[in-house]
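Protein chains: 4
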Amino acid sequence: MSSPTATLLISCPDQPGLVAKMANFIYANGGNIIHADQHTDFLAGLFLTRIEWQLEGFNLPRDIIGAAFRAIAQPLNATWQLHFSDALPRLAVWVSQQDHCLYDLLWRQRAGELQAEIPLILSNHSKLAPIAEQFGIDFHHLPITPETKAAQEAQQLQLLHDYRIDLVVLAKYMQVLTADFIHTFPSVINIHHSFLPAFAGANPYQRAYERGVKIIGATAHYVTQDLDEGPIIEQDVVRVSHRDQVADLIRKGKDLERMVLARAVRLHLQNRVLVYGNRTVVFA
Amino acid sequence: MSSPTATLLISCPDQPGLVAKMANFIYANGGNIIHADQHTDFLAGLFLTRIEWQLEGFNLPRDIIGAAFRAIAQPLNATWQLHFSDALPRLAVWVSQQDHCLYDLLWRQRAGELQAEIPLILSNHSKLAPIAEQFGIDFHHLPITPETKAAQEAQQLQLLHDYRIDLVVLAKYMQVLTADFIHTFPSVINIHHSFLPAFAGANPYQRAYERGVKIIGATAHYVTQDLDEGPIIEQDVVRVSHRDQVADLIRKGKDLERMVLARAVRLHLQNRVLVYGNRTVVFA
Amino acid sequence: MSSPTATLLISCPDQPGLVAKMANFIYANGGNIIHADQHTDFLAGLFLTRIEWQLEGFNLPRDIIGAAFRAIAQPLNATWQLHFSDALPRLAVWVSQQDHCLYDLLWRQRAGELQAEIPLILSNHSKLAPIAEQFGIDFHHLPITPETKAAQEAQQLQLLHDYRIDLVVLAKYMQVLTADFIHTFPSVINIHHSFLPAFAGANPYQRAYERGVKIIGATAHYVTQDLDEGPIIEQDVVRVSHRDQVADLIRKGKDLERMVLARAVRLHLQNRVLVYGNRTVVFA
Amino acid sequence: MSSPTATLLISCPDQPGLVAKMANFIYANGGNIIHADQHTDFLAGLFLTRIEWQLEGFNLPRDIIGAAFRAIAQPLNATWQLHFSDALPRLAVWVSQQDHCLYDLLWRQRAGELQAEIPLILSNHSKLAPIAEQFGIDFHHLPITPETKAAQEAQQLQLLHDYRIDLVVLAKYMQVLTADFIHTFPSVINIHHSFLPAFAGANPYQRAYERGVKIIGATAHYVTQDLDEGPIIEQDVVRVSHRDQVADLIRKGKDLERMVLARAVRLHLQNRVLVYGNRTVVFA
Numbered sequence: 070m071s072s073p074t075a076t077l078l079i080s081c082p083d084q085p086g087l088v089a090k091m092a093n094f095i096y097a098n099g100g101n102i103i104h105a106d107q108h109t110d111f112l113a114g115l116f117l118t119r120i121e122w123q124l125e126g127f128n129l130p131r132d133i134i135g136a137a138f139r140a141i142a143q144p145l146n147a148t149w150q151l152h153f154s155d156a157l158p159r160l161a162v163w164v165s166q167q168d169h170c171l172y173d174l175l176w177r178q179r180a181g182e183l184q185a186e187i188p189l190i191l192s193n194h195s196k197l198a199p200i201a202e203q204f205g206i207d208f209h210h211l212p213i214t215p216e217t218k219a220a221q222e223a224q225q226l227q228l229l230h231d232y233r234i235d236l237v238v239l240a241k242y243m244q245v246l247t248a249d250f251i252h253t254f255p256s257v258i259n260i261h262h263s264f265l266p267a268f269a270g271a272n273p274y275q276r277a278y279e280r281g282v283k284i285i286g287a288t289a290h291y292v293t294q295d296l297d298e299g300p301i302i303e304q305d306v307v308r309v310s311h312r313d314q315v316a317d318l319i320r321k322g323k324d325l326e327r328m329v330l331a332r333a334v335r336l337h338l339q340n341r342v343l344v345y346g347n348r349t350v351v352f353a
Numbered sequence: 070m071s072s073p074t075a076t077l078l079i080s081c082p083d084q085p086g087l088v089a090k091m092a093n094f095i096y097a098n099g100g101n102i103i104h105a106d107q108h109t110d111f112l113a114g115l116f117l118t119r120i121e122w123q124l125e126g127f128n129l130p131r132d133i134i135g136a137a138f139r140a141i142a143q144p145l146n147a148t149w150q151l152h153f154s155d156a157l158p159r160l161a162v163w164v165s166q167q168d169h170c171l172y173d174l175l176w177r178q179r180a181g182e183l184q185a186e187i188p189l190i191l192s193n194h195s196k197l198a199p200i201a202e203q204f205g206i207d208f209h210h211l212p213i214t215p216e217t218k219a220a221q222e223a224q225q226l227q228l229l230h231d232y233r234i235d236l237v238v239l240a241k242y243m244q245v246l247t248a249d250f251i252h253t254f255p256s257v258i259n260i261h262h263s264f265l266p267a268f269a270g271a272n273p274y275q276r277a278y279e280r281g282v283k284i285i286g287a288t289a290h291y292v293t294q295d296l297d298e299g300p301i302i303e304q305d306v307v308r309v310s311h312r313d314q315v316a317d318l319i320r321k322g323k324d325l326e327r328m329v330l331a332r333a334v335r336l337h338l339q340n341r342v343l344v345y346g347n348r349t350v351v352f353a
Numbered sequence: 070m071s072s073p074t075a076t077l078l079i080s081c082p083d084q085p086g087l088v089a090k091m092a093n094f095i096y097a098n099g100g101n102i103i104h105a106d107q108h109t110d111f112l113a114g115l116f117l118t119r120i121e122w123q124l125e126g127f128n129l130p131r132d133i134i135g136a137a138f139r140a141i142a143q144p145l146n147a148t149w150q151l152h153f154s155d156a157l158p159r160l161a162v163w164v165s166q167q168d169h170c171l172y173d174l175l176w177r178q179r180a181g182e183l184q185a186e187i188p189l190i191l192s193n194h195s196k197l198a199p200i201a202e203q204f205g206i207d208f209h210h211l212p213i214t215p216e217t218k219a220a221q222e223a224q225q226l227q228l229l230h231d232y233r234i235d236l237v238v239l240a241k242y243m244q245v246l247t248a249d250f251i252h253t254f255p256s257v258i259n260i261h262h263s264f265l266p267a268f269a270g271a272n273p274y275q276r277a278y279e280r281g282v283k284i285i286g287a288t289a290h291y292v293t294q295d296l297d298e299g300p301i302i303e304q305d306v307v308r309v310s311h312r313d314q315v316a317d318l319i320r321k322g323k324d325l326e327r328m329v330l331a332r333a334v335r336l337h338l339q340n341r342v343l344v345y346g347n348r349t350v351v352f353a
Numbered sequence: 070m071s072s073p074t075a076t077l078l079i080s081c082p083d084q085p086g087l088v089a090k091m092a093n094f095i096y097a098n099g100g101n102i103i104h105a106d107q108h109t110d111f112l113a114g115l116f117l118t119r120i121e122w123q124l125e126g127f128n129l130p131r132d133i134i135g136a137a138f139r140a141i142a143q144p145l146n147a148t149w150q151l152h153f154s155d156a157l158p159r160l161a162v163w164v165s166q167q168d169h170c171l172y173d174l175l176w177r178q179r180a181g182e183l184q185a186e187i188p189l190i191l192s193n194h195s196k197l198a199p200i201a202e203q204f205g206i207d208f209h210h211l212p213i214t215p216e217t218k219a220a221q222e223a224q225q226l227q228l229l230h231d232y233r234i235d236l237v238v239l240a241k242y243m244q245v246l247t248a249d250f251i252h253t254f255p256s257v258i259n260i261h262h263s264f265l266p267a268f269a270g271a272n273p274y275q276r277a278y279e280r281g282v283k284i285i286g287a288t289a290h291y292v293t294q295d296l297d298e299g300p301i302i303e304q305d306v307v308r309v310s311h312r313d314q315v316a317d318l319i320r321k322g323k324d325l326e327r328m329v330l331a332r333a334v335r336l337h338l339q340n341r342v343l344v345y346g347n348r349t350v351v352f353a
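Here the protein sequences come in this chain order: A, B, C and D.
Be aware that the first sequence starts at 70, since it is given in our numbering, and climbs by one per residue.
Be aware that the second sequence starts at 70, since it is given in our numbering, and climbs by one per residue.
Be aware that the third sequence starts at 70, since it is given in our numbering, and climbs by one per residue.
Be aware that the fourth sequence starts at 70, since it is given in our numbering, and climbs by one per residue.
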C-alpha cells in the first residue's frame, strides 16, 4: 500500500444516494477505493464520510480532482477536504518545560509513525532547546508575559507563516492561546492532562488527587476559543490507587499524555478526523 | 431508526468499482443506506463489506431483493448473506452447571439488547432447569456419556430442527461438539474462559494461576472442528495479582465471560460479523 | 480459608511502632494473621491499616476482643472497627425502575460473591416488585413526591430499623437522599452513571454524548450530604465512538454500572474500604 | 520521603507471629516503617513480605543491619534481601536493532523515574551506537554467530563484571541467552512482545495476526533457562481489529513493550518484586 493515495473527507446534509454518488465519482475515473467509511448523525441530519483511493491508475490528474469533485459536492451542499498521502504536512511542536511529549513525537516521526515534517519547535522557555538541537530542528524561544503576549502571538503567527506550518501541536505548552490566534490559525491540537470534562483548567493532577478518583486520564482535542472545550479526538485512562501521591499521578499521566497525543496527531495526519459541531468523527 | 432495515454481508475478490456497484444497487432501487462499512484484505485479495439500508421507500419487495442482488453478485464471484432486521433469529442456549452466562443472556434478551427469540435451553445437566422455568423457556436435559454421545447429538440436532433454531450459543456448555455435529449445524458461538490462544483446552484458570499471569481473559468464537481454534469474534481481559487465588480468577473470569459472550452474540445478531479463513471482520 | 476471621480497620496519627503494636496484639493472643495491609498518608500524618486473622486458636473470646483492643487503641488516638467474617451484614437494595443493578446484586449474592443477607428491597416505584418476589425478598413501595418526601424518609428509616439493615445500596435509585437522612443512616453506597467528577448530577449520558467524549465511566461512592461528592470506592470506564448514540451509551453504561457497583459492595462487605476525609483507602 | 530507607524482602514458611517479629525488629531499633506489605500463599505454606523503613533515627548502622536481621531470619528458615534506597543499582541495557525500548529507558532514567545508573549498552549489532553516544553511555558491539556465541557470552560476562552490573535489561535483544549464562548471571529482565503464554517464541505479531486475535499484549519477565517461561513481572494489552495489519500490530506493540518493560524495571528497582517458584509477588 505504499503507492500514493488521495483522501476525501466530506460532510453534507443526509439524503439517499450519497454513497453511490461518491463511489461512482471514484470508479468512473478509474480509481480503486482502499478505504471507505461513513457515518450518519440522524439527529443532526448529517452524512460524513472518508474515502481513500489509489492515485495509480486514476484518470484525473491531481490538480483537476478538486475541481471535478466540486461539481458533485456543490449541489449536495457538502463541505470537503482533499488530501494526498505523499504531501507531508508540516508540524510545529510547541512546548514549555516538560520534554516527554516532545521526545515522543520526535521519536515517532523518525520511526515513521507520523507522516509529517517537523521543521519548528517553539517554546516560551529555553529549557528544551538542546533536544531541538539534538534532532536538528529549529528552536524559537518566545517568552510570554501578560504584557508581551499580544506581540509574541504576532511573532508566533509570523513563524508559522514563514515555516509554512500546517498543524500546531501543543505538547505541554502551558500558555492559553487567545481567541484571535485561534481565529487566524485554527489548526491546533492540544493535550490536556485530565479526562475531560473532569478537571478542566489548571492543576488537574492535584485536583484528581484531592477528589480521590480511582482512574485518571488524558485528552487530546482541537483547540477552540473556549479553554479545554474543543472537539475531543482521543482519550485514555490509567488506574490509580490510594498509594499514588500527586507525583505518581503526574508520572503515570505522562505516559498517558504522550500516548494519547501521539494517537491524535497520527489520526489527524492520516485525515481520519472530521469535526462537526463540537464533536469529532474518527474514521479509525 | 426503528423502521425495518435490510443488511447485506458480502465478500468477493477485490477489484475496482465494488463500492460503487453495491451502493448503486441500493440507490437505484430507492434505498437509503444507514450504515456502510468495508474492509479490504490486500494479502488475501479480498473485499468484504456490510451495507444496511432502510426498507421503507425501497422499491424492491423483500422476496425479490435476493434474486436481484444475485445478478450483481454472481459476476463478482461474491458470497453474501441478506438479513432483515425485523426477522428475529431463534437462539438455543446450551449450558452445563454454571448459570452466569445463561442469566446474563436471558436478562439482556428481555432488556431488548439482543434482538432474538430464545425458545430453547439445552443442558447435559438438570441443575439449571429452574432458571428456564422462571423465564418460561423450554428446557431439555440430555445427559452425555461417551457411550450416548452420538445418540444424544442426533437428539440435539432434532431439537434444533424442531425449534427452528438459527444460532446455538454455548454458554458454558462443558462438552466438546463432534466434527459431524458442526458439519450439520455450523452456526455455533462458544465462550472460552481464557485469552486464546493462551490456555486452550481444559482448566484455563488453574493453568493461568500456575503460570503466574498478571492478566486473564475470555474469548468468544465460532465453533469449528478444532477445539478452541475457531474464528475469534471478541475478547476481553481483566488484571489479576498474586493475591488472586484460582477461585478469584474464576470469579473475575465470570464477569468477563458474560460480557464477552453477550457482545459477540449481539454483534452476530446485528449481522456485523463476517468470517473468512479463520478470521473475522467485525463491522462494529 | 473458610474458618471465621476477625478484621480490624484502624486509622490513627502516624508514629513509629504502630505495625509492631498491632501485630503484637494479635500474636500475643495466639492469632495467625492472614492479611495485613497498611497505608501512610504522609501529608495528613495518618496511619491506616487492615489486619485480618483467624479466630481459630485465638485466645480471646469474641466479645472480649473489642475491649482488649481498646486498651491499645486509646493511647494512639485511633478510630477503629472490628468485624467478624461470619457475621453476615444485612443489605437493603433501593431501586427505581431500572433492573440491571438489582438483578446483578441478587445473582451475585446467590452465587456467594457477596457475603451478606438481602432481606429488603425498597423502591419509589412498583415496577420491580416481581423481581423481589422471584427472589423471595420483601419489597416496599414508597413513592416520593416533594410533599411526601419527609414523611417517606421517616418511613424508610423505620424500615431500615425494623429489618436491622447495616448497609443501603442505591442500585439506580433516582432520588436524592436528604442531609437529615444521611446524618441518621450514614452507611449508603451509590452508583453514579458517569466518571465522576465529570457529569455529576442529572443525565450524564446525554451530556457525555453532547460533549463528544471517547470514554464513559461509572462511579461507586459513599453517599454524603453533597450530591455525587462522596468518597469514591471504585470506578471503571468503557470506550465509545461517534457511532454510539445516547442509547448505546446507556446500554454500555449499564454493564459498567453493575460491575462497578458490585465490586464496591463486595469491597465494603469484606471490610476493605477505609474512609478518611473525602477519600478512601481500598485494601484490595 | 526523600531521606534514605532500608527495604527487606523476605520469604519463609508460614507460621504465627511473623508480622510481629519483623515489625518488632524495626521498632525495637527505633525505625519508622513507611511501607509494609505481606502475602501468604496458603497452598505453598509460604509467607512473603516487604518492609521499608526510614534509616534516619534507626539505631543500627547500615553495615550491622544484615547481621542483626540474620539472627531473626535463621530460626524462621527465611530467605531475604536487604536494600538501601540510596544505593543506585547499575543497569546494562542489551539491544539489537530496535530503539524504542532503549530510548524509553534512557529517557525515564534521566527523568528520574528509574533510580539506577546505566553505564553500559551492549548489542549484537552496531546500529544503535549513536544513541549510546548521544546519552554518553559506553556501547559494546558483540556480534553473535552460532560459532562465536560461547566466546561472546564469556565476553559479555566479563563486561558485566567490569562494569559492576546488577541487572541486565533485555530491551529487544533478539538473542537467546544460554542456560550457562543465566546460571552465572541470573538477574535479567526481558520484554517479550506477546501476551505470554500465548505466542511464546518467534514472530508473535505475525502469529497473532494469523490467529485473528482481537487483543495483543506484551510481557516483562525474569529470564530463566526455559525460553519465555520465566516468572512474569508485568503484562499489558491493547485492542486490535481486522483493520490492523502485521505492521500495525508491531507499531501498537512497541508502545506496549516500552510501557510494560519500564514498569517492570521500575518495580524491580524499587525492590517490589519477590520471586518464588515460577511466580512473582509484586508489592505495588
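Using N, Cα and C, we set each Cβ at its ideal position, and we do this for glycine too.
Small disclaimer: the values here were computed from a predicted structure and weren't measured.
I want to verify the contact list: residues of chain B whose CB lies under 7 Å from the CB of residue i, in sequence order.
{"i": "residue 328 of chain C", "result": "324"}
Taking C-beta pairs closer than 8 Å, name the residues in chain A that residue i reaches, listed in chain order.
{"i": "residue 144 of chain C", "result": "The contacting residues do not exist; residue 144 of chain C stays about 26 Å from chain A at best."}
{"i": "residue 203 of chain D", "result": "203"}
As a quick exercise: from the options, pick the residue whose alpha carbon is nearest that of residue i.
{"i": "residue 146 of chain A", "options": "A/95, A/114, A/269 and A/226", "result": "A/114"}
{"i": "residue 131 of chain B", "options": "B/140, B/152, B/144 and B/334", "result": "B/152"}
{"i": "residue 258 of chain A", "options": "A/338, A/196, A/195 and A/111", "result": "A/338"}
{"i": "residue 255 of chain C", "options": "C/325, C/221, C/213 and C/344", "result": "C/344"}
{"i": "residue 161 of chain A", "options": "A/112, A/180 and A/240", "result": "A/240"}
{"i": "residue 182 of chain B", "options": "C/341, C/318 and C/332", "result": "C/318"}
{"i": "residue 110 of chain A", "options": "A/137, A/81 and A/126", "result": "A/81"}
{"i": "residue 197 of chain D", "options": "D/136, D/217 and D/168", "result": "D/168"}
{"i": "residue 291 of chain D", "options": "D/322, D/272, D/244 and D/238", "result": "D/238"}
Flag this pair as yes or no: are the beta carbons of residue i and residue j separated by less than 9 Å?
{"i": "residue 133 of chain A", "j": "residue 90 of chain A", "result": "no"}
{"i": "residue 99 of chain B", "j": "residue 135 of chain B", "result": "no"}
Along chain C, which residues have their Cβ under 8 Å away from the Cβ of residue i?
{"i": "residue 320 of chain B", "result": "182"}
Who are the neighbours of residue i on chain C, taking C-beta pairs under 7 Å?
{"i": "residue 172 of chain B", "result": "176"}
Can you pull the chain D residues whose beta carbon is under 8 Å from the beta carbon of residue i, in chain order?
{"i": "residue 267 of chain B", "result": "264, 265, 266 and 267"}
* Asked: Counting Cβ pairs closer than 8 Å, one from the region 343 to 353 of chain C and one from the region 109 to 125 of chain D, do we hit at least three?
  -> No, the region 343 to 353 of chain C is not in contact with the region 109 to 125 of chain D.
* What residues in the region 90 to 105 of chain B have a beta carbon less than 9 Å from any beta carbon of chain A? -> Residues 90, 91, 92, 93, 94, 95, 96, 97, 99, 100, 101, 102, 103, 104 and 105.
* **Stretch-stretch touch, CB-based, cutoff 8 Å, three pairs: the region 191 to 210 of chain B with the region 265 to 283 of chain B** => No, they do not touch.
* Touching by the beta-carbon criterion (3+ pairs, under 8 Å), the region 246 to 266 of chain B and the region 331 to 345 of chain D -> Per the Cβ contact rule, the region 246 to 266 of chain B is not in contact with the region 331 to 345 of chain D (fewer than 3 Cβ pairs under 8 Å).
* Asked: Just checking, does the region 311 to 323 of chain C make contact with the region 85 to 99 of chain B on the three C-beta pairs under 8 Å criterion?
  -> At 8 Å Cβ cutoff, the stretches do not touch.
* Asked: Is there contact between the region 206 to 213 of chain C and the region 191 to 198 of chain C, where contact requires at least three CB pairs shorter than 8 Å?
  -> Two segments are said to touch when three or more pairs of C-beta atoms, one from each, lie closer than 8 Å; by this definition the region 206 to 213 of chain C touches the region 191 to 198 of chain C.
* To do: Mind the definition here: the region 321 to 330 of chain A touches the region 160 to 175 of chain A only if three or more C-beta pairs lie below 8 Å; say whether that holds.
  => A contact between stretches requires three or more CB pairs, one per stretch, nearer than 8 Å, and the region 321 to 330 of chain A meets this requirement with the region 160 to 175 of chain A.
* To do: Give the residues from the region 248 to 265 of chain D that approach chain B closer than 7 Å (Cβ to any Cβ), ordered along the chain.
  => Result list: 264.
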